[in-house]
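Line order of the protein sequences matches chains A and B.
The numbers in numbering that gives the first Met the number 0 rise by one with no breaks, and the one at position 36 of the first sequence is 35.
The numbers in numbering that gives the first Met the number 0 rise by one with no breaks, and the one at position 210 of the second sequence is 209.
Where is the CB? At the ideal position from N, CA and C, for every residue including glycine.
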Amino acid sequence: MSMSALPVTHGTALRRAADRSRQRRREWIDAVGWALCAGSLIVLGGAILWILGMVLVRGIGALTPAVFTQVTQGTGGGLLNAIEGTVAIAAGTLILAVPFGMAAGIYVAEYRWTYWARTIRFLADVLVGVPSIVLGYFGYITMVEWLGWHFSIAAASITLAVLCLPYICRTTEMALREVPAELREAGYALGAGAARVTFGLSMRYALPAVVTGVLLALAISVGETAPLLYTAGWSNYLWNFHLVRSPIGYLTYVIWAFINEPFASANALAYVAALLTTAFVLVISLASRLLLLRRK
Amino acid sequence: MKFRTILAVLAGLVPASMIAILAFLAIYAWPAVDFNGISFLGGMQWNLGSLYADPVNVGGVDILPGAGYGILFLIVGTLLSTLIALVLAVPIGIGAAIFLAEAVPPRPRLWLSFLVELLAAIPSVVFGLWGYAVVVPLMAHDVFPAMAQMLGWIPGFGEPTGSGFGLLTSGIVLSLMIVPLIAATLRDAIDSQPAAVRESAAALGATRFETVWRVILPGLRPILIGACVLATGRALGETMAVLMVSGNALNTLPQTIYAPVSTMAAFIASQLDSALQDPTGLAVRSLAEIALVLCIISIAVNAAARLILAGFDPRDRRGA
């Protein structure tokens, strides 16, 4: 775009001056542009470090051994019931969501040209967009109202499973799409059936990426709150192993309910719950990032 | 049974859940839809009626005297907080994506991208906690008064600056929750542009910034729009963070950008207990009607985003 290479003619000095000022303006715009971009990244990085720092500092400050050994008593005590509940709900969610989500993902990837597969892929993308509170209310009216269950682990896990289903489906599909066609062809050429090729070859090749989908579902079931408000309820006691009859505690409830209490002990528990939830979700994110990196 | 058939049946759970969600919400909300009519969307009153009076029969539906349900204030709150979130998140997302893709060397880029994507992994309720414990006091004491002084001449930006719980705080927290989506999608898209495009621009004498801003970004407009629509859907349905910082206004429209609001999602989360006080059940069904409206809006927004993004998947392009 620079015109300084043009033949020297009458008025060159003037033109050179104009070129220089234009050049200077372009350099200036460049510098401002890069500065704004860098600023955006700094804002984002700053925000995340601020959030993590706050959770870390206030969470660790409130951490006591009692958190892991006692159940919640009113606005104090520990979080044993909530930790146990979160683990139980997450386990239930994975047991329900992983088989169905993977089956859907395998179908969508392996038979991707069929109309049914395209429908499912599109609906999975749409289902991802349904707000989690809507799913929670859906869980409430179907399971708690109509089926007459109480707030319970079953209602909570089923609701979360519906939430996780499209994520597992889509990550499984993406993972399987990376499998080279030659691998499948080799399998079929050796006489293996579709199931054998899928589980013996494709899934084995794509396993790290498939596992990231399961980890994502795990992070969702540990971190979500809204779908559980009207399905899990809250309990100060340890889970009594009733599937549909008794409410169950969970960590994210403590964060939002206890921070509003006017008692320091309750607020402390909220920060500890935030620390545990965030730390867990971070570890999962890091693990799935490393899984994907190692594969490459 | 054939392997393929088994898979097809199991995969049917995805469409089945989608249909079940819509169908059950619609069936459950139907008496409320019928009773509230169109004024549900245009009315400003969420009123359970007199809880101590006997229900009266109006047009075949048992209601409490004085009950009426209109959610215009929720629709306005939802749209405004989403709008503020987008206004803040889109430029920051674009800037961060450009810097990550073009200016950061590969190794730090890996970890910086991870840091930005971590923002998407942090649970909503933790954003809410941060908003409640840190952002709200900061806004109430320092930022909002300063803003009112400097920007007070713009309608809606003047006094009173309120308690810190409100529209702008919700928008700020929401923007941080949706920005990773925009930044990550756009960064991947910039990365996947062929080197020839960059080289051609450089050969014409463009600087690196001009190359990104004037050559690469315009070509990625559909992806950017798709990502923004997706982010809109996320912001519309966000519950816990908004619930904790919005101030949960009832039956009022915000007069300033600092004023308390409530959104459809946050309202559903906060109102079930009080709605259950209504012995006729109409309040609970009206909440289901909000969920139905929110669900339909989200589905429409999300489907639109997917249709825009379809065919622009960088993964598909690489092979082409």
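Around the beta carbon of B:Gln-192, 16 or more other beta carbons sit within 10 angstroms, so the residue counts as buried. Counting only residues of its own chain and dropping the five nearest sequence neighbours on each side, B:Leu-216 has no CB closer than 6 Å to any other CB.
Beyond the five residues adjoining it in sequence on each side, B:Arg-197 comes within less than 7 Å, by CB distance, of Thr-210 in the same chain, given in chain order. Counting only residues of its own chain and dropping the five nearest sequence neighbours on each side, B:Ala-282 has a CB closer than 7 Å to the CB of Leu-47, Ala-274.
Annotation: A:Gly-232 to B:Ala-119 spans about 26 Å, alpha carbon to alpha carbon. CA-to-CA, the gap between B:Gln-148 and B:Pro-107 works out to about 41 Å. Distance check between A:Ile-132 and each of B:Leu-24, B:Gly-94, B:Lys-1, B:Leu-6 places B:Leu-24 closest, using alpha-carbon atoms only.
The count of Cβ pairs closer than 8 Å, one atom from the region 208-225 of chain A and one from the region 141-151 of chain A, stays below three, leaving the stretches out of contact. Against chain B, the CB of A:Met-202 has no partner CB under 7 Å away; the residue lies outside that interface. DSSP lists B:Trp-45 as the beta-bridge partner residues of B:Tyr-68. A:Thr-74 does not reach chain B, its nearest Cβ partner there being about 17 Å away, counting only Cβ pairs nearer than 8 Å. In the structure shown, B:Asn-301 falls within a helical segment according to DSSP collapsed to helix, strand and coil. Secondary-structure assignment with DSSP links B:Thr-184 through no beta bridge to anything. For B:Val-196, the enclosing alpha helix (DSSP H) starts and ends at 194-202. A:Ile-88 places its beta carbon less than 7 Å from that of A:Ala-155. Under the DSSP assignment, B:Ile-37 falls outside any beta strand (DSSP E); it carries neither an H nor an E label. Residues of chain B with a Cβ closer than 7 Å to the Cβ of A:Ile-82 do not exist, since the nearest Cβ in that chain sits about 15 Å away.
As computed with DSSP, B:Ile-62 is found in a beta bridge with B:Val-55. Residues of the region 124-141 of chain B with a Cβ closer than 8 Å to any Cβ of chain A, in chain order: Val-124, Val-125, Phe-126, Gly-127, Leu-128, Trp-129, Tyr-131, Ala-132, Val-133.
Within chain A, Leu-126, Val-161, Leu-164 have C-beta atoms less than 8 Å from the C-beta of B:Ser-16, given in sequence order. A:Ala-65 counts as exposed, since fewer than 16 other C-beta atoms from the protein chains shown sit within 10 angstroms of its C-beta. DSSP, reduced to helix, strand and coil, places A:Thr-197 within a helical segment of the structure shown.
Under the 7 Å criterion on CB atoms, B:Met-146 is classed as non-interfacial with respect to chain A. In this chain, the alpha helix (DSSP H) harbouring B:Val-8 covers 2-10.
With respect to B:Ala-88, B:Ile-177 sits close: the two C-beta atoms are nearer than 7 Å. At least one beta carbon of chain A lies nearer than 7 Å to the beta carbon of B:Phe-23. DSSP places B:Asn-247 in no alpha helix (DSSP H); its state is neither H nor E. The residue among A:Ser-284, A:Phe-279, A:Ile-247 with its C-alpha nearest the C-alpha of A:Gly-91 is A:Ile-247. If the five residues before and after B:Gln-254 are omitted, its C-beta is found closer than 8 Å to the C-beta atoms of Gly-155, all from its own chain and listed in chain order. Judged by their CB atoms, A:Ala-160 and A:Ala-96 are nearer to each other than the 7 Å cut-off.
For the 7 Å CB-CB criterion, B:Ile-91 and A:Val-253 do not form a contact. By the Cβ rule, the region 263-270 of chain A counts as touching the region 47-66 of chain A, because three or more pairs are nearer than 8 Å.
Rounded to the nearest angstrom, the Cβ distance from B:Ile-298 to A:Val-129 is 7 Å, consistent with a contact under 8 Å.
A residue is called buried when at least 16 other Cβ atoms come within 10 angstroms of its Cβ; B:Asn-247 meets this threshold and is buried. In chain order, Phe-2 make up the part of chain B whose C-beta sits under 8 Å from the C-beta of A:Gly-192. Counting along the chain, the unbroken alpha helix (DSSP H) around A:Tyr-114 starts and ends at 114-127.
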